[in-house]
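Peer 1: This structure is in C-alpha cells; I'll ask about it shortly.
Residue numbers (the working numbering): 144 to 369.
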C-alpha cells in the first residue's frame, strides 16, 4: 500500500497501509454517495477493498501486488466500482482512477485490458449520476496471462482526489486468479450439458451463442465445443 498526493503518488509516495485510505470491506451495505445504489461488495462476494475515501485534500492512494504466473493462476479476474465527485475542473485536474497490469520492466502488458483510466465527467458512458457524483457499478474484467507463465506481473490500482484539493475520488476493488478452462456440468445419463466459460470477457461459442454459459441438449458423443 502507498499514500501520497495527486502530485507525488507515482514519484515519491509513502509506503504502508493507512487506515481509512486502504480499507477492507466485509459487511455489505450501500454507498451513500451514490444515492445508496452501489453495493460496497461485488455480487456474490464477501470481501473487497476500498481504495481512498470521501475526504478531500488532493489525496491519492495506491495498491500494488506482484505475483508469479503459473498455469494454475493464468486467468486474472479483477472487479472494480468507482465513485468520484465532478467539480468541472479541466480533465487533468479532476478526480480519477487508474488500473495498470505491468510486466517485470513496469511496462503495460496489454494496451486494451492491461490498463484503465477514468476521470470524473458528466455523461460518461457506463457511469451513473447522484447529484455531482459520477459512479460506475461493479465491472468485471478477465485477463489471459498464459504467455507470462514463469514470469512475474504486478497489478496496480490508484485513486486520486482532484488536484485543487476540494473534491474526492475513491474505488472498490476485488481480484482473483483461476485456471483458463471451461467448466462442464454433465453426467453420462444426462440429456443436457452445461458449459461455463470464465468471467470477465465477451463470448462467442462455435455454435453462435454469445453468453458466458450455454446449454446443449442431447450432445452427441465425441462432439467438441469451444
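C-beta: ideal position from N, C-alpha, C; glycine also.
(1) Per the DSSP calculation, residue 312 is bridged to which residue(s)?
(2) Three-state secondary structure (DSSP) at residue 197?
(3) How would you write the range of the beta strand (DSSP E) that residue 240 sits in, first residue to last?
(4) When DSSP labels each residue in this structure, what does residue 303 get in the three-state scheme?
(5) Can you give me the C-alpha to C-alpha distance between residue 205 and residue 300, rounded to a whole angstrom?
(6) Which residue marks the beginning of the beta strand (DSSP E) containing residue 356, and which one marks its end?
(7) Please name the residue, chosen from 340, 197, 352, 203, that lies closest to residue 220 on a Cα-to-Cα basis.
(8) DSSP state of residue 204, grouped into three classes?
(9) Let's test the definition: count the other Cβ atoms within 10 Å of the Cβ of residue 237 and tell me whether it reaches 16, buried, or not, exposed.
(10) Going by C-alpha to C-alpha distance, which of 152, 155, 192 sits closest to residue 168?
(11) Beta strand (DSSP E) containing residue 326: first to last residue?
(12) With DSSP as the reference, please indicate the residues paired to residue 277 in a beta bridge.
(13) Ends of the beta strand (DSSP E) at residue 145?
(14) I'd like the span of the beta strand (DSSP E) that includes residue 258, first residue to last.
(15) Can you grab the Cα-Cα spacing for the pair residue 367 / residue 290, in whole Å?
Peer 2: Reading it off the structure:
(1) Note: residue 312 sits in a beta bridge opposite 227.
(2) DSSP places residue 197 in coil when its eight states are reduced to three.
(3) 239-245
(4) strand
(5) 6 Å
(6) Element bounds for residue 356: 356-360.
(7) 340
(8) strand
(9) Looking at its Cβ environment, which holds 16 or more other Cβ atoms inside 10 Å, residue 237 is buried.
(10) Ranking the options by Cα distance to residue 168, first place goes to 192.
(11) 326-328
(12) 227, 272
(13) 145-148
(14) 258-262
(15) 24 Å
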